[in-house]
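S.K.:
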Amino acid sequence: MTTSELASSSRTQPVGPGSAAARKYRKGGARPLLDGPILRRALVDALRKLDPRHMIRNPVMFVVQVGSMLTTALFVQSLAGRGEASPGFIGGIAGWLWFTVLFANFAEAMAEGRGKAQADTLRKARREIQAKQLKEAARDAGYSLVLASSLRKGDLVLLEPGDFVPSDGEIVEGVASVDESAITGESAPVIRESGGDRSAVTGGTRVLSDWVIVRVSSNPGETFLDRMIGLVEGAKRQKTPNEIALDILLAALTIVFLLATVTLLPFSLYSVRAAGQGSVVTVTVLVALLVCLIPTTIGGLLSAIGIAGMDRMIQANVIATSGRAVEAAGDVDVLLLDKTGTITLGNRQATAFLPGAGVSSEALGDAAQLASLADETPEGRSIVVLAKHKYGLRQRDVKALGARFVPFSAQTRMSGVDLDGREIRKGAFDAIEAYVRAKGGQVPPEVRRTVEDVATRGGTPLVVVDGAKVLGVVELKDIVKGGIKERFAELRKMGIKTVMITGDNPLTAASIAVEAGVDDFLAEATPEAKLKLIRDYQKGGRLVAMTGDGTNDAPALAQADVAVAMNTGTQAAKEAGNMVDLDSNPTKLIEVVEIGKQLLMTRGALTTFSIANDVAKYFAIIPAAFASTYPALAALNVMHLATPDSAILSAVIFNALVIVFLIPLALRGVAYKPVGASSLLSKHLLVYGLGGLVVPFVGIKLIDTLLVLLHLA
0 MTTSELASSS
10 RTQPVGPGSA
20 AARKYRKGGA
30 RPLLDGPILR
40 RALVDALRKL
50 DPRHMIRNPV
60 MFVVQVGSML
70 TTALFVQSLA
80 GRGEASPGFI
90 GGIAGWLWFT
100 VLFANFAEAM
110 AEGRGKAQAD
120 TLRKARREIQ
130 AKQLKEAARD
140 AGYSLVLASS
150 LRKGDLVLLE
160 PGDFVPSDGE
170 IVEGVASVDE
180 SAITGESAPV
190 IRESGGDRSA
200 VTGGTRVLSD
210 WVIVRVSSNP
220 GETFLDRMIG
230 LVEGAKRQKT
240 PNEIALDILL
250 AALTIVFLLA
260 TVTLLPFSLY
270 SVRAAGQGSV
280 VTVTVLVALL
290 VCLIPTTIGG
300 LLSAIGIAGM
310 DRMIQANVIA
320 TSGRAVEAAG
330 DVDVLLLDKT
340 GTITLGNRQA
350 TAFLPGAGVS
360 SEALGDAAQL
370 ASLADETPEG
380 RSIVVLAKHK
390 YGLRQRDVKA
400 LGARFVPFSA
410 QTRMSGVDLD
420 GREIRKGAFD
430 AIEAYVRAKG
440 GQVPPEVRRT
450 VEDVATRGGT
460 PLVVVDGAKV
470 LGVVELKDIV
480 KGGIKERFAE
490 LRKMGIKTVM
500 ITGDNPLTAA
510 SIAVEAGVDD
520 FLAEATPEAK
530 LKLIRDYQKG
540 GRLVAMTGDG
550 TNDAPALAQA
560 DVAVAMNTGT
570 QAAKEAGNMV
580 DLDSNPTKLI
590 EVVEIGKQLL
600 MTRGALTTFS
610 IANDVAKYFA
620 IIPAAFASTY
630 PALAALNVMH
640 LATPDSAILS
650 AVIFNALVIV
660 FLIPLALRGV
670 AYKPVGASSL
680 LSKHLLVYGL
690 GGLVVPFVGI
700 KLIDTLLVLL
710 HLA
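When the sequence shown is numbered by numbering that gives the first Met the number 0, its final residue is 712 and no position is left out of the sequence of numbers.
1. List the whole-angstrom C-beta distance separating V200 from G168, where the pair is believed to meet the contact cut-off of C-beta under 8 Å.
2. For a quick check, are the C-beta atoms of G305 and E378 less than 7 Å apart?
3. Can you tell me where the alpha helix (DSSP H) holding A386 begins and where it ends?
4. Using CA coordinates, which residue listed in G299, A84, T283 and A251 is at the minimum distance from M109?
5. When the distance is taken between beta carbons, is L542 closer than 7 Å to D560?
6. K496 by DSSP, collapsed to three states: which one?
7. Taking 7 Å as the limit between beta carbons, can you name the residues of its chain near A524, skipping five residues before and five after?
8. Buried or exposed for G539, please, with buried defined as at least 16 other CB atoms from any protein chain shown within 10 angstroms of its CB.
9. In its own chain, which residues sit with a C-beta less than 6 Å from the C-beta of V164, not counting the 5 before and 5 after it?
10. Write down the C-beta distance between A665 and A106 rounded to the nearest angstrom, noting that I regard them as a contact closer than 8 Å.
11. Tell me whether Q276 sits in a helix, a strand or coil according to DSSP, three-state version.
12. Does DSSP put A562 in a helix, a strand or coil?
13. Can you have a look at A21 and say buried or exposed, based on whether 16 or more other CB atoms are within 10 angstroms of its CB?
14. I'd like to know if the segment 83 to 102 and the segment 65 to 73 are in contact, where contact means that at least 3 CB-CB pairs between them fall below 8 Å.
15. Mind checking whether T253 and V62 have CB atoms under 7 Å apart?
16. Rounded to the nearest angstrom, what separates L392 and L400 at their Cα positions?
17. Report yes or no: is there a C-beta of chain C within less than 7 Å of the C-beta of V211?
18. Between the Cα of A370 and the Cα atoms of K425, D644 and E135, which residue gives the shortest distance?
19. Measuring CB to CB, does A324 end up less than 7 Å from M309?
20. Can you tell me which of the three DSSP states T459 falls into?
21. Grab me the residues of M0's own chain with a C-beta within less than 7 Å of its C-beta, minus the 5 sequence neighbours each way, in chain order.
22. Less than 7 Å separating the beta-carbons of V156 and A136?
23. Nearer than 6 Å: is that true of the beta carbon of D178 relative to any heavy atom of the ligand MG?
24. In the DSSP assignment, find the beta strand (DSSP E) that holds Y142 and state where it starts and stops.
25. Is DSSP giving T586 helix, strand or coil here?
26. Pull up the distance between the alpha-carbon of D154 and that of G415, whole angstroms please.
27. Rounded to whole angstroms, what's the CA-CA distance from A634 to V255? Just pull it up for me.
28. Taking the alpha-carbon positions, what's the I610 to A624 distance?
29. Can you find the residues in the same chain that come closer than 7 Å, C-beta to C-beta, to T455, ignoring five residues on each side of it along the sequence?
30. If you drop the 5 nearest sequence neighbours on each side, which residues of the same chain put their C-beta closer than 8 Å to that of R138?
31. Counting pairs of Cβ atoms below 8 Å between the segment 452 to 471 and the segment 430 to 444, do you hit three or more?
32. Is it buried or exposed for Q276, if we count other Cβ within 10 angstroms and need 16 for buried?
33. Kindly give me the distance between the Cβ atoms of K152 and N218, rounded to whole angstroms, as I take these residues to be in contact under 8 Å.
34. Thinking just about the alpha-carbon of each residue, which of P265, L285, C291 and I297 is nearest to the one in D246?
35. From the DSSP secondary-structure annotation, give me the bridge partner or partners of F163.
36. For F520, which three-state DSSP category applies?
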């Protein structure tokens, strides 16, 4: 299949959250914040959420709803001529209270709707297909066609070019090119093969070339796609510990203000009778006072903020298994990052030939190239290319050489070639040293020093020998990614410690750590060492995040507070993590932390604004409600509002409209900048605290003026 055919076939597949359309959406181009279909669905859902069984989960808005129902009843009573105030005033208060409830529900429904839209997209990737079920793990064993829904965990299926993967599974035999655009949105095919960390396949993807035998790892309804659909639907999101704590605080404030407001009616009655003048405060005014006293702004937007945080994860192509994981990402202060593919580009390249004493650089390059002609690894190919560029060594006829190539093995840790009576080998220093000693030779001291120098510089030394004679060292370099050092510097400003994990020796690890700018490193890392490191940090009160894709990463992923598993990784890794990166990009961990920080920043900013703007409402409602009973309170009317009715109505209207204006901020999130906690607190107090104090004074005064001009109060 040609590249154009691959691209064409990919375009016909359903797209997932990582598609080009989704990326354009993330940049604000394809889907605006208030998307039409989502907007219509949210308006309907906002009405459905008026069910008291749903509203009682949010104590603040439940109180507002009860107040709306009470003032509506008082409005009906006033129409019958027995009202405590004019029908226009009571009806205006009731209408704006209902508006407050509806738009709080609308904000939550909008956040959920964006997740449901992603879920609808994912459902398109789920299809009922036929699968080639095998009785044993052999391609020629014969198969029977069955529906994918009839497959159970442990069943074996044969997948050939053009076949859709019927369910999640692990490849037990074969290698194939797989189109995963239905899940990740990426049109470029990927290689999946048995063994190692890239053996997992996902239901809904399609085999493009070759064949594989897959053992099904999930029962119907339990596949990764099914879990993703459930996870991205915001309505099923569980509240996080911080949200629960904030809910408790808001509920406590609501109860305190409710008790205070209830006592004001008998207190007003007593005061009026004792003084023999003034008027008793009405129930309508007390309801308006209560609604303006309690933190309705953050109460109305809290759920939307949390759900939108998960939605931003989905836009980044990361599926979070819970809101707790997203929130934990915002509190992370230690990042464990794998070196290869995360901090470095991943493919080591030959950069220099360093000959031993009495050996020319060209002779070393010639021997190294001969030993690498059959080496298909990136390192082997880079040695061939380097020798060709430096010394013009090219156009070697492998067959004419009559060479016998020795492949690399985990046991020998070296590879090479035998020809014309020569035995040329290249490999790790300790493996070559043992090989030379077995032949009665010794590694020269200058070569040993060269190996140490290369390792100290962060390179990987490959020693080349011809029989018992050591020719020199080939320096391999794993290049640190551009810009990664600056990213780590930003994380450091946020108080986050970065730790590089690598299997390299300590000298190599130390050199790369300095070049990349990480704060610490773990060399010669084993699964046990990773697990111990995470536990040690957690014992010190730190929250730890890490990425992984292999079965050997599963214990550490399970222990980490934020664990991002690669979608291309093993099933064990994905089950151990609490997030799955559909792009399988290890550096995504940095973006995950930024999104988590943004979630906490947004919640903190709007909580600060909500509490601050209540102050202005006190100056509007309290003088209006009680000035007739206590004339001295008229001095608190610093905004010089026209009448008591217009003051109270203006405060209630502003209380409702501010939720509407803050919905986009709750969904999009506060602009993220990598700053420390003290700087962030100062900024929030200045922008949202001071803003929360000033904006209501201006807004309530403008509304009051408008009501008077329109003769509505």
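Beta carbons are placed, not taken as given, at the ideal position from N, Cα and C, and that holds for glycine.
M.R.: Inspection of the coordinates gives the following:
1. Against the sequence shown, residue 200 aligns to sequence position 201. Against the sequence shown, residue 168 aligns to sequence position 169. At roughly 6 Å, the Cβ-Cβ gap stays under 8 Å, so V200 and G168 are in contact.
2. Here residue 305 is taken as the residue at index 306 of the sequence shown, counted from 1. Here residue 378 is taken as the residue at index 379 of the sequence shown, counted from 1. No, Cβ-Cβ distance for G305 and E378 is not below 7 Å.
3. Reading the sequence shown from its first residue, position 387 is the one you call residue 386. Residues P377 to Y390.
4. Stepping through the sequence shown from its first residue, residue 109 is reached at position 110. When each option's Cα is compared against that of M109, the closest is G299.
5. Counted from its first residue, the sequence shown places residue 560 at position 561. Counted from its first residue, the sequence shown places residue 542 at position 543. In this structure, L542 lies closer than 7 Å to D560 by Cβ.
6. Against the sequence shown, residue 496 aligns to sequence position 497. It is a strand residue.
7. Translated into the one-based positions of the sequence shown, residue 524 becomes position 525. Cβ neighbours of A524 beyond the five flanking positions: I500, T501 and G502.
8. One-based indexing of the sequence shown puts residue 539 at position 540. Exposed: under 16 other Cβ atoms inside 10 Å.
9. Against the sequence shown, residue 164 aligns to sequence position 165. Counting only Cβ-Cβ distances below 6 Å, and skipping sequence neighbours, we find V200, G202 and T204.
10. Counted from its first residue, the sequence shown places residue 665 at position 666. Counted from its first residue, the sequence shown places residue 106 at position 107. Going by Cβ atoms, the distance from A665 to A106 rounds to 6 Å, so yes, they are a contact pair.
11. Against the sequence shown, residue 276 aligns to sequence position 277. Coil, per DSSP.
12. Here residue 562 refers to the residue found at position 563 of the sequence shown. Strand at A562.
13. Here residue 21 refers to the residue found at position 22 of the sequence shown. Caution is warranted here: a pLDDT of 37 is assigned to A21, below 50, making its placement in the model unreliable, and the coordinate value is therefore given only provisionally. A21 is buried by the Cβ-count criterion.
14. yes
15. Working through the sequence shown from its first residue, we reach residue 253 at position 254. Working through the sequence shown from its first residue, we reach residue 62 at position 63. Contact: yes.
16. Locating residue 392 in the sequence shown gives position 393, where the first residue counts as 1. Locating residue 400 in the sequence shown gives position 401, where the first residue counts as 1. In a straight line, the C-alpha of L392 is about 14 Å away from that of L400.
17. In the structure shown, chain C cannot be found, because there is only a single protein chain.
18. Mapped onto the sequence shown, residue 370 falls at position 371. Considering only alpha carbons, the answer is K425.
19. Within the sequence shown, numbered from 1, the residue matching residue 324 stands at position 325. Within the sequence shown, numbered from 1, the residue matching residue 309 stands at position 310. Their beta carbons are not under 7 Å apart, which means A324 does not touch M309 by this criterion.
20. The sequence position of residue 459 within the sequence shown is 460, counting from 1. Correct three-state label for T459: strand.
21. For the purposes of this step, residue 0 is taken as residue 1 along the sequence shown, with counting starting at 1. Residue placement at M0 is poorly supported in this model, since its pLDDT is 33, which falls under 50; the coordinates still yield a value, given next. Within the same chain, M0 has close Cβ partners L207 and S208.
22. Here residue 156 is taken as the residue at index 157 of the sequence shown, counted from 1. Here residue 136 is taken as the residue at index 137 of the sequence shown, counted from 1. Contact: no.
23. What this structure holds is no ligand at all, so the ligand MG is not there to describe.
24. Taking the first residue of the sequence shown as 1, we reach residue 142 at position 143. Segment Y142 to L146, the beta strand (DSSP E) holding Y142.
25. Indexing the sequence shown from 1 puts residue 586 at position 587. T586: coil per DSSP, three-state reduction.
26. Position 155 of the sequence shown, counting from 1, holds the residue named residue 154. Position 416 of the sequence shown, counting from 1, holds the residue named residue 415. Cα-Cα distance, rounded: 42 Å.
27. Translated into the one-based positions of the sequence shown, residue 634 becomes position 635. Translated into the one-based positions of the sequence shown, residue 255 becomes position 256. In a straight line, the C-alpha of A634 is about 26 Å away from that of V255.
28. Sequence index remark: in the sequence shown, residue 610 carries index 611 (1-based). Sequence index remark: in the sequence shown, residue 624 carries index 625 (1-based). Cα to Cα, I610 sits roughly 21 Å from A624.
29. Within the sequence shown, numbered from 1, the residue matching residue 455 stands at position 456. Closer than 7 Å at the Cβ level, and outside the excluded window around T455, lie L506 and S510.
30. In the sequence shown, residue 138 corresponds to position 139, counting from 1. Closer than 8 Å at Cβ, skipping near neighbours: L157, E172, G173, W210 and I212.
31. yes
32. Position 277 of the sequence shown, counted from the first residue, corresponds to residue 276. Q276 comes out exposed.
33. Position 153 of the sequence shown, counted from the start, is the residue given in the question as residue 152. Position 219 of the sequence shown, counted from the start, is the residue given in the question as residue 218. Yes, K152 and N218 are in contact; Cβ-Cβ is about 5 Å, under 8 Å.
34. One-based indexing of the sequence shown puts residue 246 at position 247. Comparing Cα positions, the closest option is I297.
35. Within the sequence shown, numbered from 1, the residue matching residue 163 stands at position 164. Note: F163 sits in a beta bridge opposite R205.
36. Looking up residue 520 in the sequence shown gives position 521. Of the three classes helix, strand and coil, the one that applies to F520 here is strand, per DSSP.
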